[in-house]
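*Asks:* This structure is in structure tokens; I'll ask about it shortly.
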Amino acid sequence: MVGTKLLYLEDSYLRVFSSKIVASGPRFVVLEATAFYPEGGGQPCDQGWLRCGGEEARVVKVLMRGNLVYHYLDRNLGEVGGVVEGELDWGRRYRHMRLHSCEHLLTGLFEAGGSGPKVFSSFTQLDFQPSELSEGDLEQVWKQYHRVVEEDVPVEVYYVDRSEVDVGGDRRKKAFLEKIPPGVKIRMVRIGEYAETFCRGTHVARTGEIGGLFELRVEPKRKGRKVVYFRLAE
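If you're matching positions, the sequence shown starts at 0 in numbering that gives the first Met the number 0 and goes up one per residue.
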């Protein structure tokens, strides 16, 4: 079966779409194309609704299995070959976009300041190891972050050949790239001169959409690791 076409890779702002059901089962469907983001890469899945033949089902979970996206529903809906209309829970998606771009920007600012390689990230924390991060570093990043948000810098998505991606000494990124066949195009996300990395998640178009931080703090962990916790103001 041909893999699900991932509409969000080209347009993070797509809220409503139509597609065909190519597989189905008890409370799940697989679509020919989808704008729903499946859980992965530190980003939670989208939720929303699918409508078919005058009936509606809530999309409660979305997962990628192989090259297919499975939409798990609160009830059975449609049959193979049926056309569905999908609608995202936009409030949830847009918050994820803001948080994901926030995480990229903070990572870029910390790494530029010599924090050490990032070994884990989510929408609430960044783990660096080894790291000498201090409260003074946090204050500097706080100021830089809000300046970049105020500048409303473009968040650009583009594609390059795998061989063109420079990961420096980051072993985690290098291991990821080694799993990708030569010649495959890699999706990159760049935030001005402040952050640039490969990513298949959803992002805002400009930093002004991310908004300010409510919290930014650091805690020491074992073996020299430092964990930065962050929250948006709203």
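Note that the Cβ used here is the ideal one computed from N, Cα and C, for glycine as well.
Within 8 Å, do at least three Cβ pairs link the region 99 to 111 to the region 44 to 54?
*Replies:* Contact fails: fewer than three Cβ-Cβ distances are below 8 Å.
*Asks:* In whole angstroms, what separates the C-alpha of Val21 from that of Val15?
*Replies:* 19 Å
*Asks:* Please specify which runs of the beta strand (DSSP E), each continuous and at least 3 residues long, are wholly inside the region 53 to 105, giving them in chain order.
*Replies:* 54 to 64, 67 to 72, 82 to 87
*Asks:* Classify Val203 as buried or exposed, calling it buried when 16 or more other Cβ atoms lie within 10 Å of its own Cβ.
*Replies:* buried
*Asks:* Relative to the C-alpha of Gly80, which residue among Ser120, Arg94, Gly52 is closest?
*Replies:* Gly52
*Asks:* Can you tell me which of Tyr157, Pro180, Glu195 puts its alpha carbon nearest to the alpha carbon of Arg186?
*Replies:* With distances taken between Cα atoms, Arg186 lies closest to Tyr157.
*Asks:* What is the DSSP secondary structure of Val203, reduced to helix, strand or coil?
*Replies:* Under the three-state reduction of DSSP output, Val203 falls in the coil class, being neither helix nor strand.
*Asks:* Starting from the Cα of Ser130, find the closest Cα among Ser162, Val148, Arg161, Lys225 and give me that residue.
*Replies:* Lys225
*Asks:* Specify the secondary structure class of Tyr193 as computed by DSSP and reduced to three states.
*Replies:* It is coil, neither helix nor strand.
*Asks:* Along the beta strand (DSSP E) that carries Phe119, what are the first and last residues, could you check?
*Replies:* 117 to 120
*Asks:* Under the three-state reduction of DSSP, which class applies to Ala32: helix, strand or coil?
*Replies:* Three-state result, Ala32: strand.
*Asks:* Let's see if you can read the secondary structure: which residues bound the alpha helix (DSSP H) around Leu176?
*Replies:* Following the DSSP letters along the chain, one finds Leu176 inside the alpha helix (DSSP H) bounded by residues 170 to 177.
*Asks:* Given Leu76, which residues of its chain have a CB within under 7 Å of its CB, disregarding the five upstream and five downstream residues?
*Replies:* Val28, Leu49, Cys51, Glu54, Ala56
*Asks:* Should Arg97 go down as buried or exposed, given a rule of 16 or more other Cβ atoms within 10 Å for buried?
*Replies:* buried
*Asks:* Out of Pro181, Val227, Val1, Pro153, which one is the CA nearest neighbour of Glu237?
*Replies:* The requested residue 237 is not part of the displayed model; the chain covers only 0 to 233.
*Asks:* Could you give the DSSP three-state label for Ala232: helix, strand or coil?
*Replies:* coil
*Asks:* Counting along the chain, where does the alpha helix (DSSP H) carrying Val148 start and finish?
*Replies:* 134 to 150
*Asks:* Please classify Arg215: does DSSP put it in a helix, a strand, or coil?
*Replies:* The amino acid occupying residue 215 in the given sequence is Leu; Arg does not appear at that position. The answer is strand: DSSP assigns Leu215 an E or B state.
*Asks:* Excluding five sequence neighbours on each side, which residues of the same chain lie with their C-beta closer than 6 Å to the C-beta of Gly107?
*Replies:* Tyr193, Ala194
*Asks:* Specify the secondary structure class of Lys220 as computed by DSSP and reduced to three states.
*Replies:* coil
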